[in-house]
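This report refers to the structure that appears directly beneath it.
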Amino acid sequence: MSEGIRPEGEPFDDDDETIAAALESASVPALLMSLVHLTGETEILRGPIRPPKVVGRMGPGMPKREKAEVRAMLLDALRDYRDRGFTLPPPPSAETIHRMMSFATGDDVPAEYVPMMREEMALDGRDARDVSWDDVPREARERVRVLVIGAGMSGLLAAIRLEEHGVPYDVVEKNDAVGGTWLENSYPGCRVDVANHFYCYSFEPNPDWTEYFARQPELQAYFERCATKYGVRPHVRFRTEVVSAAWDEARSVWDVRLRGPDGREEERSYQVVLSGVGQLNRPRLPEIEGRETFAGPAFHSARWNHDVSLEGKRVGVIGTGASALQLVPEVAKQAERLYVFQRSGAWMSPNPSYHRTVPAGKRWLLRHVPYYARWYRFLLFWPASDGLLPSLIVDPAWPHQDRSVNEQNEQVRIAFTEYMKHQIGDDPELLAKVVPTYPPFVKRMLQDNGSWLGALTQEHVDLVTDPITCITPRGVELAGGRSVDLDVVVFATGFLANKFLWPMEIVGRDGARLRDVWGDDPFAYLGVTVPRFPNFFCLYGPGTNLAHAGSIIFHSECQVRYVMGCLRALLRDGRASMECREDVAAAYEKRRLEATERTVWAHRGTRSWYKNDAGRVTTVSPWRLVDYWGWTREPDLNDFELR
Ligand code: NAP
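Anchor point for the sequence shown: position 88 equals 278 in the working numbering, and the numbering is continuous, going up by one each time.
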């Protein structure tokens, strides 16, 4: 049983008053599920108290009286549980758990989702995404050498698995600490925008998140803790970059050139290379004439210069994506004058919990109440699974393709426009500027609690929509002739998402250069493995970004399990290498491109980091989570050439 999961929670000796107070902040549907575990009784699933539908919930939720009734039942059950020494009845059967899922969500949860959700919940405390290697001889494990590139979320995850299976490995990390994106993005206001009790490893839940969408320091601390707890840290070579990697077919190894902290280069050989460099790793600076001539401090959102005080300054922020949405309200608190330069507006989804703290009572429940945290996670995952995807498929008969792609998308457009109108009040000029002219979901949907428009409507904040013609030593010049003097410029202009593994030089079998093989159309079978690059695996690779559902952590767990399955096959069968078949990868990529072509992400005439310059969607997965989960459970060795 994983020490991290503890589905039954930790014993407690708190008095009834403390428990009753904690129950006040509970998710009642999750409590009802805990009640079944605590009492072993399932009558409640047939009773009159029923949680409302969790998908698309807008209404008031359960009546107060019913909530109070559930809390009272839980207080009794928890008191009893404490007083009888923390013993639980036998766990619910598989059939009961399926019924509980449908009951808790108010949905008829299809049977095909049950195994995926059960795995995510780990109700038996088992880390089911950890592949069993019982059939791999110890000597074979110890002979192999694996390199993991990057100690961010996915690289750490891979390292944790390698550590667990006793495989010798190194992790190289260009920064001086772990955390990847959660280390590099330290701009004010940086926080996760996927619910945090779901956005953490399934085997390492954290009952202590202080906010529902934690800020960057707390996330980075989480990954630091994981690196230490799972014994990965001693394997990480910090401030070290991979310069190049070349496959030597005769020796079946990757010869990897590393550049260390002192700039010195060395070569090391590894049988297997795992890339965990992510998609949003290399800042994109805008190609604006004169960019480098600006006389004051100028920096990218992911390279925040904390030495520069913004107090009393005229600050310009270029860009209005997810990073800008988070940092602008914070910068507005400091700057004397703030100019936000917008090329296109951003759609945002109202999320009242976005900046809310998790009450102490709720943290108590997450830590102590049996199975509560696991069901709470499920209740976050279910509405963020595949329900949205059908609404992102273009209806070719829909007559308003410029503003929405189908009827449902139009409804979202209207609702989110109303949300903005409601905040702005009577300011048609600002409204015309902020409401996007493209359909919702073409770009990443942002989360908002009103802080964005709250900032833009302040006296000292200007939303500038005239295009920037050039940057000068004094500030920016705009089309129409206006110039804006600035003291500091912030480029919230995104990342070179389509340049996977850039600037590394990766050379595979027969001298194939990854850069040439990919060009502007990076691809990988299942987003993981590329023909002519044996024993080389990508995590969060091409075509795996999630724009409709789930969390990247869930996806990385799927990918790491798949890769560990590949390694297991290599070592168990005494093979030197495995390489994805060309026909398999080509057919997969054809299907993936055809699928993305039918989605809102391919919308013509709108830029986004989901697409390459030719407009093809290269970074995003169009698949249902449940399908991708199924395909990556274990590798089909027929997809590979094994040598
Ligand atoms: P982004 O979404 O790519 O946005 C870049 C912004 O810069 C866009 O508004 C873009 O305008 C603008 N821009 C780019 N070049 C420009 C130019 N030459 N002149 C004027 N404007 C220019 O980048 P991001 O905001 O850093 O976010 C990237 C992704 O990172 C997000 O989608 C998300 O996946 C992730 N992220 C997540 C979080 C979170 O979870 N909390 C926070 C931040 C980022 P156009 O739209 O017109 O191209």
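Cβ atoms here follow ideal geometry from the backbone N, Cα and C, with glycine treated the same way.
If you reduce the DSSP assignment to three classes, tell me which class I350 lands in.
If you number the sequence shown from 1, residue 350 lands on position 160. Residue state for I350 is assigned as helix, using DSSP reduced to three classes.
Contact belief for R429 with F403 at Cβ below 8 Å, rounded distance in angstroms
Counting from 1 along the sequence shown, the entry for residue 429 is found at position 239. Counting from 1 along the sequence shown, the entry for residue 403 is found at position 213. Actually they are not in contact, since the Cβ atoms of R429 and F403 sit about 30 Å apart, beyond 8 Å.
Cβ-Cβ distance between G665 and V654 below 9 Å:
Here residue 665 is taken as the residue at index 475 of the sequence shown, counted from 1. Here residue 654 is taken as the residue at index 464 of the sequence shown, counted from 1. For G665 and V654, no; Cβs fall outside 9 Å.
With DSSP collapsed to three states, give me the class of C748.
For the purposes of this step, residue 748 is identified with residue 558 of the sequence shown, where counting begins at 1. Taken through DSSP and simplified to helix, strand or coil, C748 comes out as helix.
Tell me which residue opens and which closes the alpha helix (DSSP H) that A294 is part of.
Within the sequence shown, the letter at position 104 stands for residue 294. Per DSSP, A294 belongs to the alpha helix (DSSP H) from A284 to T295.
Residue environment, R333, which counts as buried when at least 16 other CB atoms sit within 10 Å
Position 143 of the sequence shown, counted from the start, is the residue given in the question as residue 333. The residue is exposed, with fewer than 16 neighbouring Cβ atoms inside 10 Å.
Buried or exposed (CB count within 10 angstroms, at least 16 for buried), A605
Counting from 1 along the sequence shown, the entry for residue 605 is found at position 415. Counting C-beta atoms within 10 angstroms of its own C-beta, A605 has fewer than 16 neighbours from the protein chains shown and is therefore classed as exposed.
Looking at the structure shown, is A488 part of a helix, part of a strand, or coil, going by DSSP?
Here the question's residue 488 lines up with position 298 in the sequence shown. The answer is strand: DSSP assigns A488 an E or B state.
Candidates W537, G644, Y271 and G671: which alpha carbon is nearest L225's?
On the sequence shown, position 35 is the one that residue 225 refers to. The residue with the shortest Cα to Cα distance from L225 is Y271.
Tell me where the alpha helix (DSSP H) around C416 begins and ends.
As a position in the sequence shown, residue 416 is number 226, starting the count at 1. Annotation: the continuous alpha helix (DSSP H) that includes C416 extends over Q406 to K419.
Counting along the chain, where does the alpha helix (DSSP H) carrying Y359 start and finish?
Along the sequence shown, read from residue 1 onward, the residue named residue 359 stands at position 169. No alpha helix (DSSP H) holds Y359; the beta strand (DSSP E) holding it covers Y359 to V362.
On the premise that L470 lies in contact with A536, defined as a C-beta separation below 8 Å, what is that separation, rounded to the nearest angstrom?
Start at 1 with the first residue of the sequence shown, and residue 536 comes out as number 346. Start at 1 with the first residue of the sequence shown, and residue 470 comes out as number 280. Contact doesn't hold; Cβ gap of about 16 Å is too wide.
Among T662, N596 and G684, which one has its Cα closest to the Cα of R634?
Along the sequence shown, read from residue 1 onward, the residue named residue 634 stands at position 444. Considering only alpha carbons, the answer is G684.
Could you compute how far the alpha carbon of L827 sits from the alpha carbon of V624?
Position 637 of the sequence shown holds residue 827. Position 434 of the sequence shown holds residue 624. One C-alpha to the other measures close to 51 Å.
Which whole-angstrom value describes the C-beta separation of L556 and A563, a residue pair presumed to lie in contact below a C-beta threshold of 8 Å?
Locating residue 556 in the sequence shown gives position 366, counting from the first residue. Locating residue 563 in the sequence shown gives position 373, counting from the first residue. Going by Cβ atoms, the distance from L556 to A563 rounds to 5 Å, so yes, they are a contact pair.
Buried or exposed (CB count within 10 angstroms, at least 16 for buried), Q648
For the purposes of this step, residue 648 is identified with residue 458 of the sequence shown, where counting begins at 1. So Q648 ends up on the exposed side.
Is S344 helix, strand or coil by DSSP?
If you number the sequence shown from 1, residue 344 lands on position 154. Residue state, collapsed to three classes: helix.
If you check the beta carbons only, do M291 and W708 fall under 9 Å apart?
Here residue 291 refers to the residue found at position 101 of the sequence shown. Here residue 708 refers to the residue found at position 518 of the sequence shown. No, the pair does not count as a contact, with Cβ atoms beyond the cut-off.
L832 - partner residues in DSSP beta bridges
Numbered from 1 along the sequence shown, position 642 holds the residue referred to as residue 832. In the DSSP output, where bridge partners are listed per residue, L832 has M768.
L265 in three-state terms, based on DSSP
Walking along the sequence shown from the start, residue 265 turns up at place 75. Three-state DSSP puts L265 in a helix.
Can the beta-carbon of T371 be found less than 9 Å from the beta-carbon of I661?
Within the sequence shown, the letter at position 181 stands for residue 371. Within the sequence shown, the letter at position 471 stands for residue 661. Going by C-beta atoms, T371 is not nearer than 9 Å to I661.
Comparing alpha-carbon positions, which option in R308, V720, S581 and S641 lies nearest P542?
Numbered from 1 along the sequence shown, position 352 holds the residue referred to as residue 542. Out of R308, V720, S581 and S641, S641 has the C-alpha closest to the C-alpha of P542.
Given V632, which residues of its chain have a CB within under 7 Å of its CB, disregarding the five upstream and five downstream residues?
Looking up residue 632 in the sequence shown gives position 442. Excluding positions up to five away in sequence, the list reads V790, W791, H793, T796 and S798.
What residue from V357, W494, I350 and G502 has the CA that sits closest to K419's CA?
Locating residue 419 in the sequence shown gives position 229, where the first residue counts as 1. Selected option, being the one with the closest Cα: I350.
Does L278 get closer than 9 Å to chain B when you measure Cβ to Cβ?
No chain B appears in this structure, which consists of one protein chain only.
For T786, which of E772, V774, V559 and N802 has the nearest alpha-carbon?
For this step, residue 786 is matched to residue 596 along the sequence shown. It is N802 whose Cα lies nearest to the Cα of T786.
Could you tell me which residues DSSP puts in a beta bridge with W437?
Within the sequence shown, numbered from 1, the residue matching residue 437 stands at position 247. Answer is W444, bridged to W437.
DSSP beta-bridge partners for C660?
Taking the first residue of the sequence shown as position 1, residue 660 is located at position 470. Answer is E667.
Quick check on D616: does DSSP put it in helix, strand or coil?
Position 426 of the sequence shown holds residue 616. Here D616 sits in coil by DSSP.
To the nearest angstrom, report how far apart A682 and V530 are at their CA atoms.
Stepping through the sequence shown from its first residue, residue 682 is reached at position 492. Stepping through the sequence shown from its first residue, residue 530 is reached at position 340. In this model, A682 and V530 are separated by some 10 Å (Cα to Cα).
Leaving aside the five residues before and after R703 along the sequence, list all residues of the same chain whose C-beta is less than 6 Å from its C-beta, in chain order.
Locating residue 703 in the sequence shown gives position 513, where the first residue counts as 1. Within the same chain, R703 has close Cβ partners V697.
What's the gap between the Cα of R806 and the Cα of T627?
As a working mapping, residue 806 is identified with position 616 in the sequence shown. As a working mapping, residue 627 is identified with position 437 in the sequence shown. Distance between the alpha carbons of R806 and T627: 20 Å.
Return yes when the Cβ of N735 is within less than 9 Å of the Cβ of S811, no when it is not.
As a first step, residue 811 is located in the sequence shown; it is residue number 621 there, counting from the start. As a first step, residue 735 is located in the sequence shown; it is residue number 545 there, counting from the start. Going by C-beta atoms, S811 is nearer than 9 Å to N735.
So if DSSP puts D652 in a beta bridge, which residue, or which two residues, is it bridged to?
As a working mapping, residue 652 is identified with position 462 in the sequence shown. Beta-bridge pairing links D652 to Y529.
Between the alpha carbons of A211 and L265, how many angstroms are there, rounded?
Translated into positions along the sequence shown, residue 211 becomes position 21. Translated into positions along the sequence shown, residue 265 becomes position 75. Rounded to the nearest whole angstrom, the CA to CA distance from A211 to L265 is 10 Å.
Is the beta carbon of L686 sitting closer than 9 Å to the one on G466?
Locating residue 686 in the sequence shown gives position 496, counting from the first residue. Locating residue 466 in the sequence shown gives position 276, counting from the first residue. No, they are not a contact pair.
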